[in-house]
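Just add 88 to the spot in the sequence shown (first one is 1) and you have our numbering.
All remarks here apply to the structure that follows.
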Amino acid sequence: PLFPDLIASLAPDGVLIYETFAHGNERFGKPRNPDFLLKPGELLEIARDGALRVIGYEDVEISEPRQACVQRIAAQH
């Protein structure tokens, strides 16, 4: 629910760099509540719906600093 406010707070040509937990993270620990895990491609969709130009995007499983499933994005307003 915070994404519209985050996008609205960007200055013209401002850049959003964001990382959060994604579906699949429940295998590794918290957060595991599906309400707090992004669905596949959800962060990318939010950025596009917010009229941001996507610079980079990942939906990956990481091992450091601890094993987790995350989505990352860099997008310009």
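Note that beta-carbon positions come from the ideal geometry of N, C-alpha and C, so glycine has one too.
Give the single residue among R154, K127, D101, A139 whose Cα lies nearest to the Cα of E146.
K127
Could you spell out where the alpha helix (DSSP H) holding R136 opens and where it closes?
130–137
Quick check on this structure: which residue in F116, I143, R120 has the alpha carbon closest to the alpha carbon of L131?
I143
If I'm right that R141 touches Q164 with Cβ under 8 Å, what's the distance once you round it to whole angstroms?
5 Å
Through-space distance from L94 to C157, alpha-carbon basis:
22 Å
Is D147 helix, strand or coil by DSSP?
strand
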